[in-house]
Amino acid sequence: MLRKLFYRIPLAWLQMSREKTRLAVAIVGIAFADILMFVQLGFKSALYDAAVRPQYSLQGDLFLINPQFETVFSVKSFSRQRLYQAAGFDSVSSVSYLYIDSGQWRNPITHKDRRILIFGIDPANSAFKLPEVNQHLDDLKMLDTVLFDQMGRSEYGPISALLQKSDFLQTEVNNVLIRVAGIFNLGASFAADGNAITSESTFMKLFPNRRTDQIDIGIIKLKSNADIQRIQADIQTILPADIQVLTQVELATREKEYWANSTPIGFIFGLGSLVAFIVGTVIVYQIIYADVSDHLPEYATLKAMGYSNRYLIIVIFQESLILALIGFIPGCVLSLGVYHAAQISTRLPIMMTVSRAVVVLLLTIVMCFISGGIAINKLHKADPADIF
Numbered sequence: 001m002l003r004k005l006f007y008r009i010p011l012a013w014l015q016m017s018r019e020k021t022r023l024a025v026a027i028v029g030i031a032f033a034d035i036l037m038f039v040q041l042g043f044k045s046a047l048y049d050a051a052v053r054p055q056y057s058l059q060g061d062l063f064l065i066n067p068q069f070e071t072v073f074s075v076k077s078f079s080r081q082r083l084y085q086a087a088g089f090d091s092v093s094s095v096s097y098l099y100i101d102s103g104q105w106r107n108p109i110t111h112k113d114r115r116i117l118i119f120g121i122d123p124a125n126s127a128f129k130l131p132e133v134n135q136h137l138d139d140l141k142m143l144d145t146v147l148f149d150q151m152g153r154s155e156y157g158p159i160s161a162l163l164q165k166s167d168f169l170q171t172e173v174n175n176v177l178i179r180v181a182g183i184f185n186l187g188a189s190f191a192a193d194g195n196a197i198t199s200e201s202t203f204m205k206l207f208p209n210r211r212t213d214q215i216d217i218g219i220i221k222l223k224s225n226a227d228i229q230r231i232q233a234d235i236q237t238i239l240p241a242d243i244q245v246l247t248q249v250e251l252a253t254r255e256k257e258y259w260a261n262s263t264p265i266g267f268i269f270g271l272g273s274l275v276a277f278i279v280g281t282v283i284v285y286q287i288i289y290a291d292v293s294d295h296l297p298e299y300a301t302l303k304a305m306g307y308s309n310r311y312l313i314i315v316i317f318q319e320s321l322i323l324a325l326i327g328f329i330p331g332c333v334l335s336l337g338v339y340h341a342a343q344i345s346t347r348l349p350i351m352m353t354v355s356r357a358v359v360v361l362l363l364t365i366v367m368c369f370i371s372g373g374i375a376i377n378k379l380h381k382a383d384p385a386d387i388f
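In UniProt numbering, the protein residues as written are 1 to 388.
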């Protein structure tokens with residue numbers, strides 16, 4: 001079938017390459033549309049990936065939350081007693097908990113405040129599985145001590161560089177003098193430009209309105225041979241309706257659904273991709289339509305020689321496919337540069353993936369085929385009688 005489809009390609013290519021300027025404009029237009037689609041899809045994916053990094057960094061199998069919990073940026077607390085009730089199950093190995101709130105971090109150089117997401121943990125039983133966090137648990141046992149996320153935005157200050165010069169670094173959080181004992185890697189998100197981790201005691205000092213018996217996430221670690229789904233159902237049955245029991249994937253999915261459905265961000269990125277697709281379709285249509293118009297006498301001659309409309313339609317779709325392929329290549333390459341610049345600027349995990357490249361390539365082909373399909377209507381005016 002491929003031979004039947006492509007053995008006539010030289011005619012399509014020769015027609016397209018005859019007008020070098022028009023071909024260049026088509027390539028630029030398609031590349032521009034591809035870059036727009038790559039950027040929209042890339043930022044959307046980066047948003048979701050960054051939003052769920054805290055959830056996937058937690059050390060546990062099951063997680064207790066308030067049913068009204070939607071995102072770590074706006075948590076709903078519940079009684080810590082519910083976590084201790086769940087700890088009574090035989091399959092439970094250990095439990096821990098997490099406090100989450102948003103505070104004001106003072107840049108130690110510029111002394112400007114910037115909002116930061118702060119996690120409060122029990123240093124005796126860490127909620128995180130991040131090695132760089134767990135190696136500083138003894139430091140966190142000291143009051144007024146925090147760990148700083150070095151993957152946060154630069155507006156928080158050159159914390160890593162300052163720690164390399166001196167082991168003793170102080171700044172302020174919520175106007176409380178604190179010591180930065182170390183760094184870890186988590187990363188910024190659309191909800192927070194940076195993160196910090198501290199002990200439960202320091203957390204309560206930073207947020208005096210919070211209560212120690214009200215936690216934000218309860219973390220349950222099961223024994224190695226436990227059936228996670230069965231234990232999840234058992235705990236959910238025993239605990240009151242004011243608690244929801246989720247797996248780690250379900251906890252991350254809830255965060256994604258919040259950003260996709262409860263905010264305009266998902267819609268905006270989806271609309272941006274649609275606009276890019278439409279722009280590319282219009283550009284390619286104009287190119288192919290102009291090409292068909294310029295070659296109407298040649299098409300009429302081919303018809304007079306006995307070539308069918310089917311043959312001419314195949315030529316148009318071959319042109320569309322060629323445009324899609326040669327326009328996609330620079331669009332993909334330039335998008336890599338855009339991703340790199342965006343990652344440095346925003347600290348978001350935006351990067352090229354094979355699956356996204358395949359999706360954009362398929363969208364580009366569909367975009368060009370739609371344009372070619374619309375332009376085919378012009379072929380009906382290629383009447384052999386007009387050339388005699």
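Cβ coordinates follow ideal geometry from the N, Cα and C atoms, glycine included.
Taking C-alpha positions only, leucine 323 is separated from tyrosine 339 by approximately 24 Å.
Around the CB of threonine 110, fewer than 16 other CB atoms lie within 10 Å, so the residue is classed as exposed. For serine 320 against phenylalanine 369, the beta-carbon gap comes to about 5 Å, under 8 Å, which counts as contact. Comparing alpha-carbon positions, the option among Gln214, Pro108, Phe128, Ser355 lying closest to glutamine 170 turns out to be Pro108. Threonine 353: not part of any beta strand (DSSP E); DSSP gives it neither H nor E. For alanine 196, the enclosing beta strand (DSSP E) covers residues 195-199. Judged by DSSP in its simplified three-state form, valine 249 adopts helix. Contact between leucine 348 and alanine 50 holds: CB atoms are separated by about 5 Å, below the 8 Å threshold. For leucine 206 and alanine 46, the gap between their C-alpha atoms comes out near 30 Å. Less than 8 Å separates the beta-carbon of leucine 143 from that of serine 201. In the assembly as shown, valine 52 is a buried residue. Its beta-carbon has 16 or more other beta-carbons within 10 Å. Glycine 152 and aspartate 193 do touch by the CB rule: their CB atoms are close to 6 Å apart, below 8 Å. Here the alpha carbons of tryptophan 259 and glutamine 229 stand approximately 26 Å from one another.
Secondary structure of aspartate 90 (DSSP, three-state): coil. In terms of Cβ geometry, phenylalanine 190 and isoleucine 265 form a close pair [threshold 8 Å]. In this structure, His136 is the residue among His136, Ser154, Glu155 with its C-alpha nearest to the C-alpha of leucine 147. For the options Val176, Leu363, Gln164, Ala188, the alpha carbon positioned closest to that of tyrosine 156 is the one of Ala188. Check the Cα spacing between leucine 177 and each of Trp105, Ile344, Gly373: the tightest is with Trp105.
Counting C-beta pairs closer than 8 Å gives three or more between the region 323-338 and the region 358-368, which meets the contact rule. Boundaries of the alpha helix (DSSP H) around phenylalanine 277: 265-294. Note on the region 170-223: whole alpha helix (DSSP H) runs with a minimum of 4 residues are 200-206, in chain order. Note that the C-beta distance between aspartate 61 and lysine 221 is below 8 Å. Every alpha helix (DSSP H) stretch that sits fully inside the region 96-184 and reaches 4 residues is listed by chain position as 131-134, 137-140, 159-165. DSSP, reduced to helix, strand and coil, places glutamine 68 outside both helices and strands of the structure shown, so it counts as coil. In this structure, the beta-carbon distance from serine 79 to asparagine 125 does not fall below 8 Å. Annotated three-state conformation of serine 45 is helix, per DSSP.
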